[in-house]
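Contents: one structure, followed by commentary.
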Amino acid sequence: FSFLQERLRYMLVLLLLHSTDSFYVPGVAPINFHRNDPVEIKAVKLTSSRTQLPYEYYSLPFCQPSKITYKAENLGEVLRGDRIVNTPFQVSMNVEKKCEVLCNFPNKPVILTVEQSKLIAERIREDYYVHLIADNLPVATRLEFYSNREEEEKKKEKDVQFEHGYRLGFMDGNKFYLHNHLSFILYYHREDVEESQEHTYRVVRFEVIPQSIKLEDLKADEKSMCTLPEATGSAPQEIDPTKENHLLFTYSVHWEESDIKWASRWDTYLTMSDVQIHWFSIINSVVVVFFLSGILSMIIIRTLRKDIANYNKEDDIEDTMEESGWKLVHGDVFRPPQYPMILSSLLGSGIQLFCMILIVIFVAMLGMLSPSSRGALMTTACFLFMFMGVFGGFFAGRLYRTLKGHRWKKGAFCTATLYPGVVFGICFVLNCFIWGKHSSGAVPFPTMVALLCMWFGISLPLVYLGYYFGFRKQPYDNPVRTNQIPRQIPEQRWYMNKFVGILMAGILPFGAMFIELFFIFSAIWENQFYYLFGFLFLVFIILVVSCSQISIVMVYFQLCAEDYRWWWRTFLVSGGSAFYVLIYAVFYFVNKLDIVEFIPSLLYFGYTALMVLSFWLLTGTIGFYAAYMFVRKIYAAVKID
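In case it helps, mature numbering (1 follows the signal peptide of the UniProt record, and there is no 0) puts the sequence shown at residues -22 to -1, 1 to 619.
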């Protein structure tokens, strides 16, 4: 079996590589450099997984160019806190630099005031990383370590992993040291050209080795050149937060040729060392789904067929009437629930989310939202959610009419504002806290106004449009009539309680996806890249199937217990896995993250609440529609006088 798995995986990888070999992501074309061409190095932001607050590069007293220019950004970049800006580093294609002073007065070191020194020391203590880009490639720090192999192999082979960005500095005891010298190592791929033409080069990797070197050890001359001390003899550059500090910012550039093609230059950042665990996760999820399918087919094929055959026997109707079971509630099963407008609004938002997530994951799986087009994923998700309002409105309107609702305008307004309103409210409150911290993660006021305009200018009219057509359409056809007088519900067993239902129904869908959830969490909270959308798409399909199945099982047991109030209950119970996501988020916060301050904790739990709410809407909607189709099917199959 393992051999077969290996072969399959090998074929898959070959297929994928073959398809990406000559395919560039739309909108991202390679830039060809000639020797001596300038390669611009830009700064993106400073980040820390301890504070979750990004800051822009020049919030710290780094050397500045004569004119600071910020790159125009898309919606996704603004929401992520990226503020891409030029830097004074002078790098030319395939031109080495031994050591050069960054700010233009070689004999005059940079003087940091007490305030600036305090700020730098605080950022070092909070474990901040600096993110730079060259030709749109993010800088990475190489980490080499020996893996747990046999002793003989140990000597030969090191495992290499890359850390995104480089550390601002480090602490030793209670002293702070700043990385003031950067050794850039850039890799280029030489393109094949005809003999008469000049060689062209493409940047395929960007690494940095940050060093801390004391001012006295960096010998600078009049031409801004400097000499680096021997590795053994140099002392690091200390930053004392209680007084002024004198230091030099320096850098060196080294170029190396590489075999990596331009098309696969992102592989370094995206290679996951543990693809195995994803395969394990998928197989584990498929087992869960088969287990559920087994239960389902047992219920549907054996029990239901027996029930329907019994109920449909003409001759012994008298006996059947005395039986218990789901047929007894046929006159009440389609009785409209309480608050039909809110239920249909939430389901409308669930449909909107479902369409958005499905399309985003699918498009990302095809490689069109690669990390090289920064912020593309966020931007696409925002716009898609707005445009999917048509479908949300249509399904909500049709369901509202089926539930005997009459005020369609109010229903449409409720659908367009209930869930987005909660999201906007939470984000606005969190944003106020981020503003207070002067972080670049705060959404600027104009962007907020633009988002509001998108909501009320695109999403709201589209929801109204969909709702209007959904409400005008024929309501869903219920196969049995509803009685005038509601039937009395017998006392229910303890395990038919809502909360027990939520706990029981949530565990299987959550079990099918929790490994993928770990990787998504580390992508969000620990500044990792997440790019396994192929796996995510499979997991999403498995999630949809398992939610539908568990929802059908739960609604069948409920109707057998002669409890016909299934509308709200199915919606709540199917979203049970969101409860487990919440518990997992708390576990992740306690065990994996090193967050201690109030505002970062508030941000974490604020955004987690949004994720859990969205996940509950999504899974609840999937389960609700599966159960509704099931209930209509089984009642259509029995003869009712």
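Backbone N, C-alpha and C fix where the C-beta goes; we use that ideal spot for every residue, glycine too.
Residue range of the alpha helix (DSSP H) that includes residue i
i	result
Q139	No alpha helix (DSSP H) contains Q139, which is instead part of the beta strand (DSSP E) from 137 to 142.
Y534	511 to 538
F162	First-last for F162: 159 to 168, but that is the beta strand (DSSP E), not the alpha helix (DSSP H).
S507	This sequence places Phe at residue 507; Ser is not what is there. Element bounds for F507: n/a, residue is neither H nor E.
K388	386 to 414
Y378	367 to 380
Segment limits, beta strand (DSSP E) that includes residue i
i	result
Q189	179 to 189
K617	Neither: K617 is in no beta strand (DSSP E) and is coded neither H nor E.
M346	Premise fails: M346 is in no beta strand (DSSP E) and is neither H nor E.
M474	That residue, M474, is in no beta strand (DSSP E); it is neither H nor E in DSSP.
CA-to-CA distance, residue j to residue i, given in whole angstroms
i	j	result
A118	S161	12 Å
L571	G143	19 Å
S263	F515	13 Å
F497	Y508	7 Å
I255	L510	12 Å
S190	L196	10 Å
W386	R376	10 Å
V542	V609	The sequence given here places Tyr at residue 542; Val does not occur at that position. If I take the Cα positions, the gap works out to 11 Å.
E55	I277	50 Å
M149	I217	10 Å
Y603	L325	9 Å
H(-5)	S242	Low confidence applies to H(-5): its pLDDT is 37, below 50, so where it sits in the model is not reliable, and the reading given next is rough at best. Taking the straight line joining both Cα atoms gives about 11 Å.
K45	Q175	35 Å
L581	Y106	17 Å
T379	E504	As written in the sequence, residue 379 is Arg, which differs from the Thr given in the question. Taking the straight line joining both Cα atoms gives about 46 Å.
I528	E169	55 Å
I530	S579	38 Å
Q139	A587	33 Å
R352	A7	14 Å
G558	P207	Sequence check: residue 558 is Tyr here, not Gly. Rounded to whole angstroms, Y558 to P207 spans 55 Å at the Cα level.
I463	E540	15 Å
K305	M532	16 Å
L595	A428	26 Å
L443	F369	9 Å
I480	G598	11 Å
Q42	H109	16 Å
L(-11)	P398	Summary for L(-11): the model assigns pLDDT 40, below 50, so the residue's position carries little reliability; its value from the coordinates is reported in the next sentence. Cα to Cα, the separation comes out at about 40 Å.
G601	T65	52 Å
Y606	D113	53 Å
I412	S350	27 Å
residue 628	E93	Given a span of -22 to 619 for the chain in the structure shown, any question on residue 628 remains unanswerable.
T47	S418	16 Å
V3	M343	Caution applies to V3, whose pLDDT of 49 falls short of 50 and renders its modelled position unreliable; the model cannot decide the point.
V564	V400	21 Å
For residue i: DSSP bridge partner residues
i	result
P16	S70
M198	The residue asked about is misnamed: residue 198 is Ala in this sequence, not Met. Answer by DSSP bridge pairing, in chain order: C204.
F11	Y179
M149	F154
T460	Note: T460 sits in no beta bridge, so no partner.
E172	Paired residue(s): none; E172 is not in a bridge.
E122	V138
T25	Y107
Contact with chain C by residue i, beta-carbon distance below 8 Å
i	result
Y33	This model lacks chain C altogether, as it is built from one protein chain only.
Residue i CB to nearest heavy atom of the ligand NAD below 7 Å
i	result
N288	As presented, the structure is devoid of all ligands, the ligand NAD included, so that no description of it is given.
What runs of the alpha helix (DSSP H), each 4 residues or longer, lie entirely inside the region 234 to 321?
-> If we require 4 residues or more, the alpha helix (DSSP H) runs fully inside the region 234 to 321 come out as 245 to 248, 253 to 275, 283 to 289, 295 to 300.
Quick one: which unbroken alpha helix (DSSP H) runs of 4-plus residues sit fully inside the region 416 to 445? Chain order, please.
-> Complete alpha helix (DSSP H) runs here, min 4: 423 to 432.
Segment contact, 8 Å Cβ cut-off, at least three pairs: the region 361 to 375 with the region 306 to 317 = Not touching, per the Cβ criterion.
Where in the region 202 to 231 do unbroken runs of the alpha helix (DSSP H), each at least 4 residues long, occur, reported from the N-terminal end onward?
-> If only uninterrupted alpha helix (DSSP H) runs of at least 4 residues are considered, none is enclosed by the region 202 to 231.
Beta strand (DSSP E) runs wholly inside the region 34 to 118, at least 3 long, in chain order | Runs found: 75 to 79, 88 to 90, 107 to 112.
Count the C-beta pairs between the region 94 to 114 and the region 327 to 341 that are closer than 8 Å, then say yes if the count reaches three, no if not.
-> No, because fewer than three Cβ pairs between the region 94 to 114 and the region 327 to 341 fall closer than 8 Å, the two stretches do not touch.
Tell me, please, whether the region 70 to 84 touches the region 8 to 27 by the rule of three or more beta-carbon pairs shorter than 8 Å.
-> The region 8 to 27 and the region 70 to 84 touch, with three or more beta-carbon pairs separated by less than 8 Å.
Taking only runs of the alpha helix (DSSP H) that begin and end inside the region 528 to 598, which ones reach a length of at least 4 residues, in chain order?
-> Assignment of alpha helix (DSSP H) within the region 528 to 598, counting only whole runs of 4 or more residues, yields 545 to 552, 555 to 569 in chain order.
When the Cβ atoms of the region 159 to 177 are set against those of the region 218 to 225, are three or more pairs found closer than 8 Å?
-> Counting Cβ pairs under 8 Å, fewer than three are found: no touch.
Are the region 468 to 475 and the region 543 to 563 in contact at 8 Å, needing three or more beta carbon pairs?
-> The region 468 to 475 vs the region 543 to 563: no contact.
Would you call the region 449 to 460 and the region 395 to 408 touching, i.e. three or more CB-CB distances under 8 Å?
-> Contact between the region 449 to 460 and the region 395 to 408 is absent: fewer than three C-beta pairs spanning the two stretches fall below 8 Å.
Does the region 550 to 557 touch the region 482 to 499, meaning 3 or more C-beta pairs lie closer than 8 Å?
-> Output reads yes: the region 550 to 557 touches the region 482 to 499.
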